[in-house]
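Numbering (UniProt numbering), first residue to last: 1 to 290.
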């Protein structure tokens, strides 16, 4: 079963990861951010992840572990693996400096690609002054470092996300699709987070898009490394531990990244509506595959 779905699973992670490039492209071609849509979409993504983590992934993990280790030991192992996944992603998050954290939302209009003033945002990155000192060489260096560090941080975050998507798709392709779509949605604003400061610093759209695109490649790399390292040892116990850890990772991402990001766009109720809608869509999807 695992080998048959491996190529499909890798393809899903590639799709999810490269959606950072969509975010970067949106920053260049869209006039303004649609905060309502982004708030709804991020809430939807969180709803999908939270529902599927508790209602599907943890159930599968417990079933696999209980079959191999017994009821009590299997259940304890699943719970410990769940919180272990949270600990891993929290540790990764802790290592990212807060001022360079890619989860700080940036709006498309902040790009101000055409060089016109947009209510106090930074002007043309090619060198015109904006009163904030960003036209200076020092300011540009700081922005470029911020963008590259954001790309690195997103790449580090995408590594376990790629493993999560890949593992889910190995077990259940329909489940993998749902997770890939949810991760793809939340990768879009992260692409903006990378491209905005790099474009400010260099005035080069291609370079900004390249760094954003590159950060997304960590997603399929995480899947590929997981495949190469874990496939020779894959068993019900290994699968159960990984699956429970993946559930923990996705719950943490939802609570620590997606919902706060949705709130930051200033649409509280829309983010909650999106959350409930994501849960409902995921519930119906799972029921249809019974």
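All C-beta atoms in this analysis are idealised placements derived from N, C-alpha and C, irrespective of residue type, glycine included. Just so it is clear, the structure is predicted and the values come from calculations on it, not from any experiment.
Neighbourhood of residue i by C-beta, 7 Å cutoff - its chain only, sequence neighbours within 5 removed
i: residue 56; result: 175, 286
i: residue 162; result: 13, 17, 218, 219, 220, 221, 222, 223
i: residue 90; result: 252
i: residue 69; result: 77, 237
i: residue 263; result: 271
i: residue 288; result: none
i: residue 304; result: Any answer about residue 304 is impossible in this case: the structure gives the chain only from 1 up to 290.
i: residue 154; result: 20, 102, 190, 194, 215
i: residue 53; result: 247, 250, 251
i: residue 255; result: none
i: residue 173; result: 5, 8
i: residue 58; result: 78, 82, 244, 247
i: residue 268; result: none
i: residue 207; result: 198
Element boundaries [alpha helix (DSSP H), containing residue i]
i: residue 258; result: Unbroken run through residue 258: none, as it is neither H nor E.
i: residue 279; result: 268-288
i: residue 53; result: From DSSP, residue 53 is part of no alpha helix (DSSP H); its letter is neither H nor E.
i: residue 179; result: 173-202
i: residue 215; result: 205-216
i: residue 89; result: 71-94
Contacts around residue i, its chain only, beta-carbon distance under 8 Å, and the 5 residues preceding and following it disregarded
i: residue 273; result: 40, 43
i: residue 51; result: 278, 279, 282, 283
i: residue 141; result: 201
i: residue 148; result: 198, 211
i: residue 164; result: 179, 183, 246, 249, 250
i: residue 177; result: 12, 169
Counted within 10 angstroms of its Cβ, other Cβ atoms place residue i as buried (16 or more) or exposed
i: residue 127; result: Reliability fails at residue 127, whose pLDDT of 46 lies under 50, so the model's placement of it is uncertain and the value that follows must be treated cautiously. Exposed, since its Cβ has fewer than 16 Cβ neighbours within 10 Å.
i: residue 197; result: buried
i: residue 246; result: buried
i: residue 232; result: exposed
i: residue 71; result: exposed
i: residue 7; result: exposed
i: residue 37; result: exposed
i: residue 138; result: exposed
i: residue 115; result: With a pLDDT of 39 at residue 115, under the threshold of 50, the predicted position of this residue should be treated as unreliable, though the coordinate-derived value follows. So residue 115 ends up on the exposed side.
Distance CB(residue i)-CB(residue j) smaller than 9 Å
i: residue 236; j: residue 16; result: no
i: residue 215; j: residue 158; result: yes
i: residue 64; j: residue 82; result: no
i: residue 166; j: residue 226; result: yes
i: residue 168; j: residue 179; result: yes
i: residue 84; j: residue 244; result: yes
i: residue 229; j: residue 156; result: no
i: residue 88; j: residue 249; result: yes
i: residue 151; j: residue 211; result: yes
i: residue 160; j: residue 92; result: yes
6 Å CB neighbourhood of residue i in its chain, flanking five on each side removed
i: residue 182; result: 45, 48, 49
i: residue 19; result: 184, 187, 188
i: residue 275; result: 43, 46, 47
i: residue 213; result: 21
i: residue 74; result: 65, 66
i: residue 295; result: No answer is possible for residue 295: it lies beyond the span of the chain, which begins at 1 and ends at 290.
Residue-level contact to chain D via CB, residue i, 9 Å cutoff
i: residue 280; result: In summary, chain D is missing from the structure at hand, where a single protein chain is found.
- Task: Kindly confirm or deny that the region 238-251 and the region 9-24 touch, where touching means at least three C-beta pairs closer than 8 Å.
- Result: The region 238-251 makes no contact with the region 9-24: fewer than 3 CB pairs, one atom from each, lie closer than 8 Å.
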